[in-house]
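Below is one structure; the comments refer to it alone.
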Amino acid sequence: MTIERLPESSSEAIISVRGLTKRFGTFTAVNDVSFDVYPGEVVGYLGPNGSGKTTTIRMLCGLLHPSAGTAKVVGRDIVHEAEFIKRQIGYMSQKFALYDDLTVMENLRFYSGVYEVPREVEQQRLQDVLHMAGLENHTGAFTRDLSGGWRQRLALGCALLHQPRLLFLDEPTSGVDPVARREFWDLIYQLAHRGTTIFVTTHYMDEAEHCGRVGFMRNGTLMAFDAPRALKSRFLHGAAWSIDATPLLEAVDQLSKLQGIAQARLHGDRAQVIVASGENNTVEWTPQTLASNLRASNIAVNSIEPAEPTLEDVFTLLAHE
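Take a look at the structure:
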C-alpha cells in the first residue's frame, strides 16, 4: 500500500528549506533548493548518484554547513542549533557504522548508549526495535554474518532507539535484493503509520511510487517536488503506448526521431512511447500510424498496447529538457 498523506495547510513544516546551496570550491553540489516536508509524510528524494541527494541530507542533519540559503529541521536552524536537531532525528547513512565484530544485541546496546536512551526504558526500547525489525531470533548473530537485508534492518533499528520524530534514510536499500527492498519498505510504512516522518533518498525510481511526495534531483538542482500522481499529470499529458517490435533497439531509435513524440525508451522487452500533447504536438500518433511508420522502416510490429506512465518517464523527460 502506498502512503499518500499530503500536508494540511495548517500544519507546521518539520523541514523547511529555502535557497539551500552547497559549494565545494568551484563545484556546486546543491543549487538553490527549496521545499517543505510536513509531519507524517513519507518523502522520497530521487536522482542518480552525484545529483546532490546525500549532500542535501547531510546539511539537514547538521553535518555540513550550507554555503547559502536557510533550513529549519524540527523548527530549529540547521547551522546554529545543529546539536539540538541531532537529538531529535534519526539518520541512517549509506554506509551505516555497524560494528561487524559485535552481535545484533551488542550493536543495539552500543547505539542505545550513544543516543543516551534512559536506563529505565532501555530494555523496552530494545525489545520494541527487535520486534519491529524482525530481529528477535538474531540477537546473538554477529553483524558480519548477516545478509545485506538483515544488516539494513539492524541499521534502521539502531537509528530508531531514541524514538526520533523525523527519520532520514540515505539510500537505505542500495545493494540489497528485491525481496529485502520490499520488506524494508514495509517497515517504512509501519513507521509512517505510527507518526514518524520519513525523508528517504534513493536512485530506484520504482521506490518513488511508495512515497506521498517525491523530489527529483539532477546536477544539484531540484527539478520537481510533488505527489507521484500530480507529477505524472503535470508532465505526462499525452497518450502512452507499449510496443512489441523487432528489432527493438532500432524501433526505439526510430520512434525517438518522430516529431510529436515526447519520449521513447526501452521498458523491459518492449518500447515505451509517450506522445507529446497540446501545442507541442502537431502530429496525431495512434497505434495505427505508429505501426505504419515502423513497418515502413522494415521494423516488425507485433503489438501496441496502452501503457501506464511511470515516474521514471517523468524523470527522463525532465532530464532532457
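Residue numbers for the sequence shown, in the working numbering: 454 to 774.
C-beta: ideal position from N, C-alpha, C; glycine also.
All of these numbers come straight from a predicted model, not from anything done at the bench.
Any chance you could list the beta strand (DSSP E) runs of at least 3 consecutive residues sitting entirely within the region 651–707, in chain order? Those beta strand (DSSP E) runs which fall completely within the region 651–707 and span 3+ residues are 666–671, 674–679 and 693–699.
Output the distance between the C-alpha atoms of Arg471 and Val486, rounded to the nearest integer angstrom. As a working note, residue 471 is residue 18 in the sequence shown. As a working note, residue 486 is residue 33 in the sequence shown. The alpha-carbon atoms of Arg471 and Val486 are separated by roughly 6 Å.
Which residues share a DSSP beta bridge with Pro759? Reading the sequence shown from its first residue, position 306 is the one you call residue 759. Its beta-bridge partners are Trp694.
Quick one: which unbroken alpha helix (DSSP H) runs of 4-plus residues sit fully inside the region 600–651? Chain order, please. Listed in chain order, they are 601–613 and 631–646.
Does any CB atom of chain D fall closer than 9 Å to the CB of Leu684? Structure shown: chain D not included; a single protein chain is present.
Contacts around Gly543, its chain only, beta-carbon distance under 6 Å, and the 5 residues preceding and following it disregarded: For this step, residue 543 is matched to residue 90 along the sequence shown. Here the set comprises Ala612, Leu613, Pro617 and Leu620.
Reduced DSSP secondary structure (H/G/I, E/B, other) of Leu770: For the purposes of this step, residue 770 is taken as the residue at position 317 of the sequence shown. Leu770: helix per DSSP, three-state reduction.
What does DSSP give as the partner residue(s) for Met545 in the beta ladder? In the sequence shown, residue 545 corresponds to position 92, counting from 1. Among the bridge pairs identified by DSSP, Met545 is matched with Leu622.
Do the region 753–773 and the region 714–729 meet, that is, are 3 or more Cβ pairs less than 8 Å apart? The region 753–773 is in contact with the region 714–729.
How is the beta strand (DSSP E) around Val815 delimited, first residue to last? This structure cannot settle anything about residue 815, because the visible part of the chain is limited to 454 through 774.
Taking only the alpha-carbon atoms, compute the straight-line gap between Ile651 and Gly566 and give it to the nearest angstrom. In the sequence shown, counting from the first residue as 1, residue 651 sits at position 198. In the sequence shown, counting from the first residue as 1, residue 566 sits at position 113. So the two alpha carbons sit approximately 23 Å from each other.
Based on the DSSP secondary-structure assignment, which residues constitute the bridge partners of Ser469? Residue 469 sits at position 16 when you count from the first residue of the sequence shown. Under DSSP, Ser469 shares a beta bridge with Asp489 and Lys525.
Per-residue DSSP class, three states only, for Gln741: In the sequence shown, counting from the first residue as 1, residue 741 sits at position 288. Correct three-state label for Gln741: helix.
Does the region 527–540 come close enough to the region 572–582 that 3 or more CB-CB pairs lie under 8 Å? A contact is defined here as three or more CB-CB pairs under 8 Å, and the region 572–582 fails this definition with respect to the region 527–540.
For Ala724, the first and last residue of its enclosing beta strand (DSSP E): Along the sequence shown, read from residue 1 onward, the residue named residue 724 stands at position 271. Segment Arg723 to Val728, the beta strand (DSSP E) holding Ala724.
Proximal residues to Leu579 (C-beta, below 8 Å), its chain only, five neighbours per side dropped: Here residue 579 refers to the residue found at position 126 when the sequence shown is read from its first residue. Here the set comprises Met558, Leu561, Arg562, Ser565 and Leu614.
Could you tell me which residues DSSP pairs with Thr481 in its beta bridges? Your numbering for residue 481 matches position 28 in the sequence shown. Beta-bridge pairing links Thr481 to Arg476.
Taking contact to mean at least 3 C-beta pairs separated by less than 8 Å, is the region 599–607 in contact with the region 624–640? By the Cβ criterion, the region 599–607 is in contact with the region 624–640, since at least three pairs of Cβ atoms, one from each stretch, lie closer than 8 Å.
When burial is assigned at 16 or more other CB atoms within 10 Å of the CB, is Phe488 buried or exposed? Within the sequence shown, the letter at position 35 stands for residue 488. Phe488 comes out buried.
Is the CB-CB distance between Asp639 and Phe595 below 9 Å? As a working note, residue 639 is residue 186 in the sequence shown. As a working note, residue 595 is residue 142 in the sequence shown. Pairing Asp639 with Phe595 gives a Cβ-Cβ distance that is not under 9 Å.
Using the DSSP secondary-structure output, state which residues sit across from Ile714 in a beta bridge. Position 261 of the sequence shown, counted from the first residue, corresponds to residue 714. In the DSSP output, where bridge partners are listed per residue, Ile714 has Val728.
Here's the rule I'm using: 16 or more other beta-carbon atoms within 10 Å means buried, otherwise exposed. How should Gly593 be labelled? For this step, residue 593 is matched to residue 140 along the sequence shown. It counts as exposed.
I'd like to check one pair, Gly503 with Lys475: are the Cβ atoms closer than 9 Å? Here residue 475 refers to the residue found at position 22 when the sequence shown is read from its first residue. Here residue 503 refers to the residue found at position 50 when the sequence shown is read from its first residue. In this structure, Gly503 does not lie closer than 9 Å to Lys475 by Cβ.
Nearest CA to the CA of Ala550: which residue from Arg748, His584, Gln541 and Gly610? Residue numbering aside, residue 550 sits at position 97 when the sequence shown is read from its first letter. Checking every option, the nearest Cα to that of Ala550 belongs to Gly610.
Starting from the Cα of His533, find the closest Cα among Lys548, Leu513 and Val582 and give me that residue. As a working mapping, residue 533 is identified with position 80 in the sequence shown. Restricting attention to Lys548, Leu513 and Val582, the CA atom closest to the CA of His533 is found in Leu513.
Out of Val705, Thr626 and Ser520, which one is the CA nearest neighbour of Gly721? As a working note, residue 721 is residue 268 in the sequence shown. Ranking Val705, Thr626 and Ser520 by Cα distance to Gly721 puts Val705 first.
Contacts around Gly648, its chain only, beta-carbon distance under 7 Å, and the 5 residues preceding and following it disregarded: One-based indexing of the sequence shown puts residue 648 at position 195. Result list for Gly648: Gly493, in chain order.
Please check the pair His656 and Pro501, which I expect to be a contact at CB under 8 Å, by giving their CB distance rounded to whole angstroms. Numbered from its first residue, the sequence shown carries residue 656 at position 203. Numbered from its first residue, the sequence shown carries residue 501 at position 48. The beta-carbon distance between His656 and Pro501, rounded to whole angstroms, is 6 Å. This is short enough to meet the 8 Å contact definition.
For Asp630 and Ala535, I'd like the C-alpha separation in whole angstroms. Counting from 1 along the sequence shown, the entry for residue 630 is found at position 177. Counting from 1 along the sequence shown, the entry for residue 535 is found at position 82. When rounded, the distance between both Cα atoms is 35 Å.
C-alpha gap between Glu461 and Tyr642, whole angstroms: Mapped onto the sequence shown, residue 461 falls at position 8. Mapped onto the sequence shown, residue 642 falls at position 189. Its pLDDT being 43, under 50, Glu461 is placed unreliably in this model, and the value from its coordinates should be taken loosely. In a straight line, the C-alpha of Glu461 is about 20 Å away from that of Tyr642.
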